[in-house]
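> Residue numbers (my numbering): 425 to 730.
C-beta: ideal position from N, C-alpha, C; glycine also.
Note that the coordinates shown come from a computational prediction; the quantities given were computed from them, not determined experimentally.
1) Considering only C-alpha positions, which residue in the set 706, 663, 523, 608 is nearest to residue 486?
2) Quick one: what's got a C-beta closer than 7 Å to residue 462's C-beta in the same chain, skipping five residues either side?
3) To the nearest angstrom, how far is the alpha carbon of residue 616 from that of residue 601?
4) Using a 10 Å radius around the Cβ and a threshold of 16 neighbouring Cβ atoms, would you call residue 433 buried or exposed?
5) Among the residues of its own chain, which have a CB less than 7 Å from the CB of residue 677, if the five just before and after it don't count?
6) Mind checking whether residue 597 and residue 612 have CB atoms under 7 Å apart?
7) Taking residue 473 as the reference, which of 624, 547, 492, 459 has the closest Cα?
8) Look at the Cβ atom of residue 593, then the Cβ atom of residue 536, and state whether they are nearer than 7 Å.
9) Could you pull the DSSP bridge partners for residue 663 from this structure?
10) Count the other CB atoms, across all protein chains shown, that sit within 10 Å of the CB of residue 662; report buried if there are 16 or more and exposed otherwise.
11) CA-CA distance, residue 503 and residue 588?
12) Given residue 452, which residues of its chain have a CB within under 6 Å of its CB, disregarding the five upstream and five downstream residues?
13) Helix, strand or coil, according to DSSP, for residue 455 in the structure here?
14) Between which two residues does the beta strand (DSSP E) harbouring residue 441 extend?
15) Residue 668 and residue 691 - do their beta-carbons sit closer together than 7 Å?
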């Protein structure tokens, strides 16, 4: 492979779109700060599949959780006073939300009830939780991004153990966003949006991190890396929000593919799905659509399905 040549382009197509009757055009506190004050009718994020092949999505400014059928039909699971930013499903079917406003929340998919799970650290609220992922031990890792960036590099990654202990994994991050483990769970990748980079966090036997480094440095776009996913070979898929692409890098950091958005530039997050898990479903937040693209290697089975 010529590492200096652009990676091959994979085209995407529209899988589903938020129907007009579910769009709410209005100003919100979240959009005033994070979207330049624009009136948004929705802002999709946090794709995650359940065991039945339904795709769950969050709608940040409207505090909604959607469930999308394999045929692309939308259903509102719940609407609550929050700003849901990321979503993952635990092995027992319980749904957990990284809520920018409230912290980590738990959703009962049957009743639609949303309740607090982890909302503060040492009596202090979080800056603004962004995304989350489960370790096979059941421990929950999540990013606390808020308004951090180079002007305030104080973002954090936390670990909430099955014993109920909240530990800071890493601090001093200029805008931590999506996060995912490699297949061996020896590396935690963290998208650092304002640095336009993905960091590599080696997980030590005692659960601490050491020798944190740069996995890949990106350039361009209007934002930076956002959501992450890993395939069975350990390759890392990186949503580049503000550039309208998803990059696929080998576990060595070599560029393999570039998935091009067929809609807007706001490619924010993704999840592997489909019958063989060789499809990636990408939230394109600007247009309220879910894109789909086909890849040669299946995505890693998430903890929720083990």
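With the structure as the only source:
1) 523
2) 455
3) 6 Å
4) exposed
5) 639, 640
6) no
7) 492
8) no
9) 670
10) buried
11) 27 Å
12) 485
13) helix
14) 437 to 441
15) yes
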